[in-house]
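Each remark here refers to the structure printed beneath this line.
Numbering (this note's numbering), first residue to last: 567 to 830.
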């Protein structure tokens, strides 16, 4: 099935071939593959299915792009804290992993997007904490907090919850289990992660906030030294939005819960 119209595909290929000497575009075309860094543990952005296949919102977006350029998609799985280092070293061509566009990150890498807007929330087993309206309500000594290492959730916890005891985790599965086992009181994470966890672990009594505490733009991290490559990916996202495919893909993964049946 062709997810991008012939017109958009022609536009992408024209961009790819019309300017010479661009490092990443030429490398991707010459190798015939697009390497994308993801954790594989951030549903609904990326997660392992029962058939051991990576599925998710950003997996679909990566597939659309690789198809549009005419190359094979190769997903490199690694811990979230390693993703931007891998991009800077050239191990991957881009990063899609529920990554918030921040000024600090933008000093080292470029971003295309945003492809969606997210926000920080809390995952907990406490009805009291699940009614939190602002961070002042839980920024007290004795409250134990988990957050993904090297993420904006960790920065959020350090900045807005300095009185709490923070534990960083390498993936969300570890943090979710700590909440379930009572080793922490709350886990700070994107709202989508928290909502997914509530659905997947209903018997464990997990709850989350009704509304996120923040608003954050999510984008695709790219190497900063190739204007054509950045332009190609930005135009690709714009075309996905104009065609309506981006909105349909978002609805598939964030509104229709049938994909949960595919998850391990």
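Glycine included, every Cβ here is placed at the ideal spot set by N, Cα and C. Every value quoted in this text rests on a predicted model; they were computed, and no experiment measured them.
| Check | Outcome |
| --- | --- |
| From residue 807 to residue 754, what distance separates their C-alpha atoms? | 29 Å |
| Quick check: what's the CA-CA separation for residue 601 versus residue 628? | 9 Å |
| Taking only three categories from DSSP, how would you classify residue 716? | coil |
| Residue 757 CB to nearest chain B CB: under 8 Å? | The structure shown contains no chain B, having only a single protein chain. |
| Using only CA atoms, which one of 632, 648, 765 and 636 lies nearest to residue 605? | 648 |
| Would you mind reading off the limits of the alpha helix (DSSP H) that contains residue 799? | 793–809 |
| For residue 791, is the classification buried or exposed, using 16 other Cβ atoms within 10 angstroms of its Cβ as the cut-off for buried? | exposed |
| Using only the alpha-carbon positions, how far apart do residue 599 and residue 798 sit? | 16 Å |
| Can you grab the Cα-Cα spacing for the pair residue 620 / residue 690, in whole Å? | 27 Å |
| Do the region 626–641 and the region 801–816 touch if we need at least three Cβ pairs shorter than 8 Å? | yes |
| Ignore the nearest five residues each way along the sequence and tell me which others in residue 828's own chain have a CB closer than 7 Å to its CB. | 615, 616 and 621 |
| Which of helix, strand or coil does DSSP assign to residue 587? | At residue 587 the pLDDT is 37, less than 50, meaning the model places this residue with poor confidence; the figure from the coordinates comes in the next sentence. It is coil, neither helix nor strand. |
| Going by DSSP, what residue range makes up the beta strand (DSSP E) through residue 683? | 676–684 |
| Rounding to the nearest angstrom, what Cα-Cα distance links residue 635 and residue 770 in this structure? | 44 Å |
| One question on the structure: do residue 745 and residue 793 come within less than 8 Å of each other, judged by their Cβ atoms? | no |
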